[in-house]
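Numbering (full-length UniProt numbering), first residue to last: 1 to 496.
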């Protein structure tokens, strides 16, 4: 039975019965207890939205974009067939081969719905900060991403929910196992398995667009995060979707397909990336948010050896290894903090103290910040840590975190990887071939690297001492560095 929901971002959303059955599983419902923005809720009181509603919103936009592509493709084929031009008629035949089926459409919706089902406590804090910290502590820890766990969680969800499995078999009667793998590949944007059928490549750009980072996942979370944070986004995702169509990269060689957008949407896309930068500067990488996320990470690392997560087989695993056992991983949500606080285990004292400090607003204090240019290397960044250690501070007295602000593809302009088309044209061209929209738009710098230095001490005197030592270290580095290109970049980097 289908279901109708009301969403604050997209309005009325109608869900297919199979999507409803997925939502009504413990594996999906746990997303209600995982904050979309991790520690941001401690900084922005209204940033309380969760992965649950974002996943439904992404499903909605995936459906909307997929239907737009299908309808426009049908329209293009019909118009080309009416032409007296033999080249256009041949083009119509080639386009017929890339059409979506109803099963394809449903798979795309499922991929949108399940793309974040593998997230752990506090979203990216768990698969990035916590995983990285545990890998440093235990080199045997595997490096993984939430998309990897999403694939495993989909298998686990279907296996442990008999009604859902029956619905999958009913909707995909001949190839439901193949369809399940297709859904996983859509989530990862993995085109490799279809390298012999490049005509289907465009489908892999809907959920996770590896070509230019413009996909429905980001369209939803930019809009939803701005709404929750009380910020404004000037990017119109509905307008963008309405201008999309499926096109061959080269019309005279109908092989690989992509999602192309009308050329006049170029400026709208810059608004998308301006929104991205604004969210990173004002929220995701807010200095207080990063301090809280570092404290939560330290708390989880301290708790790891003292918490046993049960599996369905009766065994227990540590938090850092839960990704290997989905029956354990599905129990991990933001509520892990409450589990730690309620526990009587003596070994959790350090983790409890850090969590209580967050609640008391006794946070790690930012004592220094750099804004290095491209030439600033990891070697120079590690120099900062070495200098602090030389001054008598211990490793646990401070945290250095390197962050990157970008338009999405490092130092590159993502617009150059977008394919555009002109009105009434069946040819597309790369953004790098586009005429400059405006001289006011960025032309060279698309990434800025930043290092934050925090004092972990609760003692005001210790923190002030580190802040003073940081100023001395800064002067020492500035005065002792040879006037190389790298050092010049570094000397211009300090903003505090």
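For each residue, glycine too, the CB sits at the ideal point set by N, CA and C.
The structure displayed is predicted, hence computed values, not measured ones.
Item	Value
Could you tell me whether the stretch 257-266 touches the stretch 284-299, using the rule of 3 or more Cβ pairs below 8 Å?	no
May I ask you to report which of helix, strand or coil DSSP gives residue 123?	strand
So for residue 454, helix, strand or coil by DSSP?	strand
When the distance is taken between beta carbons, is residue 46 closer than 8 Å to residue 230?	yes
Would you mind listing the beta strand (DSSP E) stretches within the stretch 32-90 that are 3+ residues and don't spill past its ends, in chain order?	none
Mapping DSSP to helix, strand and coil, what is residue 404?	strand
Does the structure place the stretch 79-88 close enough to the stretch 49-67 that three or more beta carbon pairs sit under 8 Å?	no
Closest to residue 122 by CA distance: which of 273, 51, 400, 65 is it?	51
Grab me the residues of residue 325's own chain with a C-beta within less than 6 Å of its C-beta, minus the 5 sequence neighbours each way, in chain order.	311, 317
Is DSSP giving residue 412 helix, strand or coil here?	strand
Helix, strand or coil for residue 375? Go by DSSP, reduced to three states.	Low per-residue confidence applies at residue 375: pLDDT is 44, beneath 50, and the placement is therefore not dependable enough to give any value.
Mind checking which residues open and close the alpha helix (DSSP H) that includes residue 418?	Segment: none, residue 418 is in no alpha helix (DSSP H) and carries neither H nor E.
Can you tell me where the beta strand (DSSP E) with residue 13 in it begins and where it stops?	11-15
May I have the straight-line CA-CA distance separating residue 201 from residue 96, to the nearest angstrom?	15 Å
May I have a chain-ordered list of the beta strand (DSSP E) segments no shorter than 3 residues that lie completely inside the stretch 216-260?	244-248
By DSSP, does residue 98 sit in helix, in strand, or in coil?	coil
Among 199, 48, 14, 341, which one has its Cα closest to the Cα of residue 35?	48
Inspect the beta-carbon positions of residue 171 and residue 18 and report whether they are closer than 8 Å.	yes
Residues bridged to residue 447 by DSSP?	406
For residue 473, which of 390, 418, 450 has the nearest alpha-carbon?	390
In this structure, what does DSSP give as the bridge partners for residue 317?	309
Does DSSP put residue 280 in a helix, a strand or coil?	helix
Taking Cβ positions, are residue 291 and residue 44 nearer each other than 8 Å?	no
I need the straight-line Cα distance from residue 301 to residue 134, nearest angstrom please.	7 Å
Could you check what DSSP says for residue 141 in three-state terms: helix, strand or coil?	coil
Determine the direct distance from the alpha carbon of residue 350 to that of residue 103, and round the result to whole angstroms.	51 Å
Judging by CA-CA distance, which residue of 132, 112, 447 is the nearest neighbour of residue 142?	132
Beta strand (DSSP E) containing residue 188: first to last residue?	Taken as a continuous stretch (DSSP letters only), residue 188 belongs to no beta strand (DSSP E), being part of the alpha helix (DSSP H) at 176-188.
With three or more C-beta pairs closer than 8 Å as the rule, is the stretch 234-250 touching the stretch 407-425?	yes
Please classify residue 334 as buried or exposed, where buried requires at least 16 neighbouring CB atoms within 10 angstroms.	buried
Thinking C-alpha only, which one of 223, 461, 178 is nearest residue 279?	223
Could you check what DSSP says for residue 398 in three-state terms: helix, strand or coil?	strand
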